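Residue numbers (our numbering), protein chains in the order written: chain A, -7 to 150; chain B, -7 to 150.
Below you'll find the structure, written out as structure tokens, and then a few comments.
Number of protein chains: 2
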Amino acid sequence: METETATNWLTDSEQCAWRTYLDVNRMLTHQMEKDLQPFGLTNNDYEILVNLSEAEGQRLRMSDLAAATLQSKSRLSHQITRMENAGLVRRENCESDRRGLYAVLTDAGVETMEKVAPHHVASVRKHFIDLLSGEALSDLRASLTPVAEHLRGHRGKL
Amino acid sequence: METETATNWLTDSEQCAWRTYLDVNRMLTHQMEKDLQPFGLTNNDYEILVNLSEAEGQRLRMSDLAAATLQSKSRLSHQITRMENAGLVRRENCESDRRGLYAVLTDAGVETMEKVAPHHVASVRKHFIDLLSGEALSDLRASLTPVAEHLRGHRGKL
DNA sequence: CAGGCTTCGTTCAGAATTCAACTTCTTAGG
DNA sequence: CCTAAGAAGTTGAATTCTGAACGAAGCCTG
């Protein structure tokens, strides 16, 4: 009698999809990083700029920013320190909670964002969006949304 | 007369697809990493084990392995050093090219691979594959393949 | 076969990331 | 009001990653 539970291996087709996904992932990240380099920004820098510039008063609590960008508080703290040194961002105290801090976009941060965003969008188009049909794109979104929700549920401390 | 070129911003739908993609990306990477932790492996460790175990003679030249895993030679060199210390892999000289080295899976490496693979596959299924329909999966692959090819062309030195 | 390119892989220094304290403040219970 | 538990952020040390520089070996080309 069979007592072992056989592993439910991936089919060739599943495996291929998975590997393609992983490859695109890595190459795309790398390409984005490369396209931001001339502006002296990393992907992480840019994402923080995006989050802050979309936020009310161009500011977010450290914790919220960490959650929004899916990184640990520690990492964000170091990151913000670097960006503060670069003059893109500053820390500001929070009135309502004296433990709290806001990360606030500086004027230089706003300017940087305005300068860089068009190039970044062009890069996203060139290397991703414009390579997919409108239908493919909405299918992609439809497929990935449940995955995102599933993962949000599963995510523990960063 | 208009001299500026207006930025071709992303539509809401494009933006949403893009952000979902990025989110899944990061959360999935994180989840995979977490699921490998109990075995003392990182994603990078695992991917190298996969590549080596599928290779002829369970060995690959450093350069080929770096290319296969899309990382810089420098990073791979460090990585292999660590895995060598962990006993998963060893370096072996290359007969035909005296500059070259092979990274070779050790017996312990093979065993680790056999032990971990089923869990990893289960994790990939649980957090990705099984959340998508067969059709979604093949669409995904079809959509992403051209992107992968595009990026492969664009990729410079790592 | 000499000269100069290129490739292979490592190394070093500097930057980024992780992980585990730790401080300060808030909040809930008794 | 006091205390214990938890949350917000920071810090510092150890680890990992990056990018440039390097030595050694192969490959042309004349």
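Glycine residues also receive a C-beta, built at the ideal position from the N, C-alpha and C atoms.
The model shown is predicted, which means the values in this text are computed figures rather than measured ones.
Evaluate contact between the region 11 to 25 of chain A and the region 82 to 95 of chain A, counting only Cβ atoms and requiring at least three cross-stretch pairs below 8 Å. no
Beta-carbon within less than 8 Å of Q63/B's beta-carbon, same chain only, minus the 5 sequence neighbours each way: which residues are those? N36, Q71, L150
Under 9 Å, CB to CB, which of the residues in the region 16 to 29 of chain B have a partner in chain A? Answer set for the region 16 to 29 of chain B: V16, N17, R18, M19, L20, T21, H22, Q23, K26.
Which value, in whole angstroms, describes the spacing of the CA atoms of L33/A and F120/A? 20 Å
If Y13/B and L132/A are in contact, beta carbons under 8 Å, what's the gap, nearest whole angstrom? 7 Å
For E103/A, which residues in chain B fall below 9 Å Cβ to Cβ? Result: empty, since nearest Cβ-Cβ is about 16 Å, beyond 9 Å.
Span separating the alpha-carbon of G49/B from that of Y94/B: 10 Å
V42/A versus L41/B - alpha carbon distance: 37 Å
Taking only beta-carbon atoms, is F120/B less than 8 Å away from chain A? yes
Residues from the region 58 to 71 of chain A in contact with chain B, defined by Cβ distance under 7 Å: L62
Got a sec: is the Cβ-Cβ distance from L132/B to anything in chain A below 8 Å? yes
Who are the near neighbours of V102/B in its chain, counting only those whose CB is closer than 8 Å to its CB and skipping five residues on each side? Only S45, Q50 meet the Cβ criterion.
A95/B, DSSP secondary structure in three states: strand
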